[in-house]
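In what follows, a single structure is set out as structure tokens and then discussed.
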Amino acid sequence: DQQVKQNSPSLSVQEGRISILNCDYTNSMFDYFLWYKKYPAEGPTFLISISSIKDKNEDGRFTVFLNKSAKHLSLHIVPSQPGDSAVYFCAASAGHTNAGKSTFGDGTTLTVKP
Amino acid sequence: EPEVTQTPSHQVTQMGQEVILRCVPISNHLYFYWYRQILGQKVEFLVSFYNNEISEKSEIFDDQFSVERPDGSNFTLKIRSTKLEDSAMYFCASTLQGGMSYNSPLHFGNGTRLTVT
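Read top to bottom, the protein sequences are chains L and Z.
Per our numbering, the very first residue in the first sequence carries number 1; after that it's consecutive.
Per our numbering, the very first residue in the second sequence carries number 115; after that it's consecutive.
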């Protein structure tokens, strides 16, 4: 039962353009969503989060959008840079239990070409 | 910036042997976790630990697994009798807050790659 899905295993964009990574979830109890970035041989690194009371959260070049009715969230990176090339994981948790117990998606490998 | 450290970076063991994976969480964090990622698969929650006891565990975390915080700094994951399917990258993580907090992203270590032969 895949409660968090990232349907695109990979994405390739040109430097300077926008990267849009998508994530869908099925569990309506999820109310806290996070994006992590992972480089090879490193652990995931927290990027940005959003709680279900919001529909947008912005931090510099990174913006996360949440559409609760569609159970969909997306991460926008603009402008994309070669250093953004990594695996991006969407994660979700049900805040009323343990916010650290997150359910992860399969990840999307982003490649930003110079 | 403080970070979560894990040792060793790579552990090779024979099937049936016991292994202990070690982690030093960020010093002022209160909640501790183990996650694993089998090659090519998603990152999966194993267990969370708070106030010297397990607060939640997944169905993966069976009787072969145990966790311990033997002192004020280390957090260990023990696999009593390893199986081939335990081969994975094991990530330790910590957070300052848990429960109802919405501001507690996981801080991950770089992982221990466990290879069971």
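Virtual Cβ for every residue (Gly too), placed ideally from N, Cα, C.
| Query | Result |
| --- | --- |
| Short CB-CB distance (under 8 angstroms) between Z:Pro139 and chain L | no |
| Per-residue burial, L:Arg17 [other beta carbons within 10 Å of its own, 16 or more giving buried] | exposed |
| Three or more C-beta pairs below 8 angstroms linking the stretch 120–134 of chain Z and the stretch 72–91 of chain L | no |
| Buried or exposed by the 16-neighbour rule on C-beta atoms within 10 Å, applied to Z:Ser141 | exposed |
| Coarse secondary structure for Z:Leu210, derived from DSSP in three states | coil |
| Under the three-state DSSP convention, the category L:Gly83 falls into | helix |
| Cα-Cα separation, Z:Arg194 to Z:Asp176 | 10 angstroms |
| Neighbouring residues, chain L, relative to Z:Pro219 (Cβ below 7 angstroms) | Leu34, Phe46, Ser49 |
| Secondary structure of Z:Glu199, DSSP reduced to three states | helix |
| DSSP-derived helix/strand/coil call for Z:Phe175 | coil |
| Close-in-space but distant-in-sequence residues of the same chain around Z:Thr121 (CB under 6 angstroms, 5 per side omitted) | Arg136 |
| DSSP three-state assignment for Z:His221, whether helix, strand or coil | strand |
| Cα-Cα separation between L:Leu66 and L:Phe33, rounded to whole angstroms | 9 angstroms |
| DSSP state of L:Asp55 mapped onto helix, strand, coil | coil |
| Interface flag, Z:Val230 vs chain L, CB-CB below 8 angstroms | no |
| Cβ pair Z:Phe163, Z:Ser169 closer than 8 angstroms | yes |
| Nearest candidate by alpha-carbon position, reference Z:Ile174, set Z:Tyr204, Z:Val118, Z:Ser187, Z:Glu182 | Z:Tyr204 |
| As assigned by DSSP and simplified to three states, the class of Z:Arg136 | strand |
| Complete runs of the beta strand (DSSP E) confined to the stretch 3–44 of chain L [at least 3 residues] | 10–14, 19–25, 32–38 |
| Simplified DSSP assignment, three categories, for Z:Glu167 | strand |
| Interface residues of the stretch 162–192 of chain Z facing chain L [CB-CB below 9 angstroms] | Ser162, Tyr164, Ser169, Glu170, Ser172 |
| DSSP bridge partner residues for L:Asn67 (one or two, in chain order) | L:His72 |
| Rounded straight-line distance, which links the Cα of L:Glu15 to that of L:Lys101 | 34 angstroms |
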